[in-house]
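Undergrad: This is the structure, below, for whatever I ask next.
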Amino acid sequence: MEELLQQVTNGLAIGGVYALVALGYTMVYGVLRLINFAHGELFTLGAYLGFTFLTSAALGPRLGTGWGLLLLALLVAGLVAVSGALLERAAYRPLREAPRLSAVVSALGASIFLQNALMLGWGARFQVYPDEALPTSAVTLGGTRVPVVRLAVILVSLALMAALWLFVNRTKLGTAIRAVALDRDAARLCGIDVDQVVRAVFLVGPALGGVAGLMVGLTYGQIGFTMGWSYGMKAFTAAILGGIGNVPGAMLGGFLLGLAESLGSAYVSSAWKDAIAFVVLIVVLLVRPTGILGERVAEKA
Amino acid sequence: MSFLSVRDLAKRFGGVKAVAGVSFDVEEGAIAGLIGPNGAGKTTVFNLITGNTRPDQGRVLFNDADVTGLRPHRIVARGIARTFQSIRLFGGMSVLSNVLVGADARLKSGLLASFLGTPGQRREERRAREEALAALELVGLADRAALPAGSLAHGERRRLEIARALASHPRLVVLDEPAGGLNEAETASLAALVRRIRERGVTVLLIEHDMGLVMDVCERLVVLENGTKIAEGTPDEIRSDPRVGEAYLGVEDPACA
Chain A
1 MEELLQQVTN
11 GLAIGGVYAL
21 VALGYTMVYG
31 VLRLINFAHG
41 ELFTLGAYLG
51 FTFLTSAALG
61 PRLGTGWGLL
71 LLALLVAGLV
81 AVSGALLERA
91 AYRPLREAPR
101 LSAVVSALGA
111 SIFLQNALML
121 GWGARFQVYP
131 DEALPTSAVT
141 LGGTRVPVVR
151 LAVILVSLAL
161 MAALWLFVNR
171 TKLGTAIRAV
181 ALDRDAARLC
191 GIDVDQVVRA
201 VFLVGPALGG
211 VAGLMVGLTY
221 GQIGFTMGWS
231 YGMKAFTAAI
241 LGGIGNVPGA
251 MLGGFLLGLA
261 ESLGSAYVSS
271 AWKDAIAFVV
281 LIVVLLVRPT
291 GILGERVAEK
301 A
Chain B
1 MSFLSVRDLA
11 KRFGGVKAVA
21 GVSFDVEEGA
31 IAGLIGPNGA
41 GKTTVFNLIT
51 GNTRPDQGRV
61 LFNDADVTGL
71 RPHRIVARGI
81 ARTFQSIRLF
91 GGMSVLSNVL
101 VGADARLKSG
111 LLASFLGTPG
121 QRREERRARE
131 EALAALELVG
141 LADRAALPAG
151 SLAHGERRRL
161 EIARALASHP
171 RLVVLDEPAG
181 GLNEAETASL
191 AALVRRIRER
201 GVTVLLIEHD
211 MGLVMDVCER
221 LVVLENGTKI
231 AEGTPDEIRS
241 DPRVGEAYLG
251 VEDPACA
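This is how it looks when you write it as structure tokens:
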């Protein structure tokens with residue numbers, strides 16, 4: 001029972017991270033029908049920016065505790081969001097009307113470019129978050145001690161998802177995003193500025209991904225310039241699992257994948273941890289090719 | 001100068017001349033119709049007016065400004081809204097949200113205000129919601145606001161498209177075959193709706209196959225055939241124009257038209 005609770009909270013925490021990153025993939029896919037392969041690197045950028053702020057002599061002591069962490073998260077989210085918008089402008093906007101494959105190649109190129117830029121900027125070796133920035137306290141929950149940071153990750157990811165849900169469903173920009181995802185041409189002719197919608201998606205998705213990167217840094221301490229690849233792959237899997245292009249689907253897919261991984265490695269075999277994610281994906285796609293909450297094929301009049 | 005003035009528009013697709021030098025004017029407050037046999041270029045003219053397609057040649061002047069080749073959302077912001085021949089609603093979204101999409105071009109607040117949810121932006125969204133409900137009221141769909149648009153019957157979808165177009169507060173609304181697939185009773189209530197729209201000061205331009213509707217509501221008609229204008233005038237003038245009968249039926253007796 002104790003073991004189970006540990007694994008479940010662990011799975012939810014890592015699942016929350018997957019879900020936040022998956023939202024970036026799925027929102028971009030929704031409006032552009034493009035997989036932004038460079039999204040994983042934006043996640044890494046979030047982790048590294050957090051590292052830089054926390055290790056800077058001037059800012060580190062202020063940002064490392066309590067409300068400081070909130071400020072740090074906002075700072076990281078803002079900077080990664082701007083990077084996302086620049087990425088869109090440089091790598092995707094010029095190819096908007098080009099064949100789909102050109103944009104895919106551009107996405108792969110952007111991913112490699114960013115990964116190398118991260119390596120040049122912060123070095124090829126692993127970096128470690130400063131000890132004092134890593135919360136070590138734990139609370140007792142149902143008889144087990146669960147690290148506070150793990151609960152914080154779960155709560156923060158849930159809060160961000162709730163905020164995103166409200167944004168997408170309750171604001172005019174969110175309505176515009178949904179409309180573009182459903183039928184870009186009709187949305188354009190109804191007066192929606194598609195460029196602005198794309199810009200918004202490339203601000204929101206990377207902001208969430210950047211915060212996810214920061215949370216991974218704060219939880220595990222160690223970060224590396226290639227981490228975006230493995231987390232990005234898992235998050236992408238989560239997005240497909242839930243139904244690519246579908247916002248609640250990415251959230252659900254992320255948590256399911258996190259739980260499957262953590263329970264699978266505990267009760268099946270930890271050596272197969274990474275394979276489990278893909279076994280789950282294959283099984284779900286065999287039963288439901290569009291993903292769990294995947295959109296039905298659009299009705300045509 | 002006219003309210004809407006189409007000047008010598010031309011567009012070819014590959015080797016096909018879809019529209020070859022069409023000019024006509026629409027006066028403010030009018031209900032005007034664009035008619036012609038299938039493939040005459042009516043929808044292409046609509047697409048050129050609404051910015052969906054760029055013309056090879058010619059100009060579209062609206063409300064004393066040249067709007068030729070502007071991007072669609074800019075044209076909507078200038079006051080021209082449209083509906084589609086093949087209905088294009090956002091099926092997964094609610095009826096009300098569909099109308100709110102139409103209001104998007106009119107809302108001023110930018111990206112930052114939307115993210116932050118500033119008071120001004122919230123006020124604007126509340127007002128947009130109220131106006132969207134009013135537009136649904138006008139087309140008779142107020143009681144359907146919360147339903148998914150995909151669940152509406154065909155005639156209701158046509159009216160929802162009109163409500164969505166009206167939500168942008170257009171000065172000109174362009175309806176592409178609004179009576180397509182409607183039965184007689186629905187067509188009659190559509191005619192009444194078109195008149196109500198005009199009473200609110202919105203100019204209406206429509207493409208239509210249903211001659212009954214066109215002759216009933218339109219005050220002026222423009223007839224296209226093979227991408228060129230072959231006649232223009234009041235419904236009575238058009239009815240008695242021999243070229244129109246020919247274009248439609250390939251016969252010379254206009255009484256058959």
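Heads up: the protein sequence lines correspond to chains A and B, in order.
Take 1 as the starting number for the first sequence in our numbering and just add one per residue.
Take 1 as the starting number for the second sequence in our numbering and just add one per residue.
Glycine included, C-beta positions come from ideal geometry on N, C-alpha and C.
Here the structure is a predicted model, which is why all the values come from computation and not from measurement.
What number of angstroms, rounded off, separates the C-alpha of V197 (chain A) from the C-alpha of V82 (chain A)?
TA: Going by the C-alpha atoms only, they are around 15 Å apart.
Undergrad: List, in order along the chain, the chain B residues whose C-beta lies closer than 8 Å to that of A176 (chain A)?
TA: The contacting residues are V101, D104.
Undergrad: On the three-state DSSP scale, how would you describe V26 (chain B)?
TA: If DSSP states are grouped into helix, strand and coil, V26 (chain B) belongs with the strands.
Undergrad: Short check: CB of V22 (chain B) to CB of K229 (chain B), under 8 Å?
TA: It is a contact, given that the beta carbons lie within the stated cut-off.
Undergrad: Mind listing the chain A neighbours of H73 (chain B)? Cutoff is C-beta to C-beta under 7 Å, in chain order.
TA: R188, G191, I192, D193, listed in chain order.
Undergrad: State the DSSP-derived secondary structure class of G58 (chain B), mapped to helix, strand or coil.
TA: In this structure, G58 (chain B) counts as strand in the three-state DSSP scheme.
Undergrad: With 8 Å set as the bound, which would you pick, yes or no: does the beta-carbon of L111 (chain B) sit closer than that to a beta-carbon of chain A?
TA: Yes, its Cβ sits closer than 8 Å to a Cβ of chain A.
Undergrad: Rank B:G227, B:G51, B:G233, B:P235 by C-alpha distance to the C-alpha of A20 (chain B) and give the top, closest one.
TA: Selected option, being the one with the closest Cα: B:G227.
Undergrad: Mind pulling the chain A residues with CB within less than 7 Å of R289 (chain B)?
TA: Absent from the model: residue 289 (chain B). The displayed extent of chain B is 1 to 257, so no value can be given.
Undergrad: Determine the extent of the alpha helix (DSSP H) in which P235 (chain B) is found, giving its start and end residues.
TA: Run containing P235 (chain B): 235-239, per the alpha helix (DSSP H) assignment.
Undergrad: Using the Cα positions of L4 (chain B) and E237 (chain B), report the straight-line distance between them to the nearest angstrom.
TA: For L4 (chain B) and E237 (chain B), the distance between alpha carbons rounds to 22 Å.
Undergrad: Decide yes or no for the touch test of the region 238-251 of chain A against the region 20-39 of chain A: beta carbon pairs closer than 8 Å, at least 3 of them.
TA: Contact holds: three or more Cβ-Cβ distances are below 8 Å.
Undergrad: Once the 5 residues before and after V95 (chain B) are set aside, which same chain residues still bring their CB inside 8 Å of it?
TA: Closer than 8 Å at the Cβ level, and outside the excluded window around V95 (chain B), lie L136, L141, R144, A145, A146, L147, P148, A149, L152, L160.
Undergrad: Starting from the C-beta of C190 (chain A), find all residues in its chain whose C-beta is less than 6 Å away, skip the five residues before and the five after it, and write them out in chain order.
TA: For C190 (chain A), where only same-chain residues beyond five positions count, there are no Cβ hits under 6 Å.
Undergrad: Verify the CB distance criterion: does F3 (chain B) have a CB-CB separation below 8 Å to chain A?
TA: No, F3 (chain B) does not count as interfacial toward chain A.
Undergrad: Please name the residue, chosen from A:A271, A:G228, A:V139, A:N169, that lies closest to S111 (chain A) on a Cα-to-Cα basis.
TA: With distances taken between Cα atoms, S111 (chain A) lies closest to A:G228.
Undergrad: Tell me which residues of the region 125-146 of chain B have at least one Cβ-Cβ distance to chain A shorter than 7 Å, keeping chain order.
TA: Within the region 125-146 of chain B, the residues whose Cβ lies closer than 7 Å to some Cβ of chain A are E125, A128, listed in chain order.
Undergrad: Against chain B, which members of the region 72-100 of chain A pass a CB distance test of less than 8 Å?
TA: Those residues of the region 72-100 of chain A that come within reach of chain B (Cβ to Cβ, closer than 8 Å) do not exist; the list is empty.
Undergrad: When the Cα of A38 (chain A) is compared with those of A:A13, A:A58, A:A117, A:G11, which residue comes out closest?
TA: Among A:A13, A:A58, A:A117, A:G11, the Cα nearest to that of A38 (chain A) is on A:A117.
Undergrad: Leaving out the 5 sequence neighbours to the left and right, which residues in its chain are closer than 6 Å to D253 (chain B) when beta-carbon positions are compared?
TA: Low confidence applies to D253 (chain B): its pLDDT is 47, below 50, so where it sits in the model is not reliable enough to give any reading.
Undergrad: How close, in whole Å, do the beta carbons of L208 (chain A) and L173 (chain A) come, if the pair is a contact with beta carbons under 8 Å?
TA: So it is not a contact: roughly 16 Å between Cβ atoms.
Undergrad: Can you grab the Cα-Cα spacing for the pair Y48 (chain A) / D193 (chain A), in whole Å?
TA: So the two alpha carbons sit approximately 34 Å from each other.
Undergrad: Pull up the CB-CB distance for G217 (chain A) and F51 (chain A), whole angstroms please, since I reckon it's below 8 Å.
TA: With a Cβ gap of about 6 Å, G217 (chain A) and F51 (chain A) count as contacting.
Undergrad: Compare the C-beta of L182 (chain A) with all C-beta atoms of chain B and state if any pair is closer than 8 Å.
TA: Yes, because at least one Cβ of chain B sits closer than 8 Å to the Cβ of L182 (chain A).
Undergrad: If distances are taken between C-alpha atoms only, which option among B:L112, B:M93, B:A179 comes closest to G78 (chain A)?
TA: Answer by Cα proximity: B:L112.
Undergrad: So what does C147 (chain A) bridge to, in DSSP terms?
TA: The question names Cys, yet the displayed sequence has Pro at residue 147 (chain A). P147 (chain A) pairs with A:A138.
Undergrad: Please state whether DSSP places L107 (chain B) in a helix, a strand or coil.
TA: Of the three classes helix, strand and coil, the one that applies to L107 (chain B) here is coil, per DSSP.
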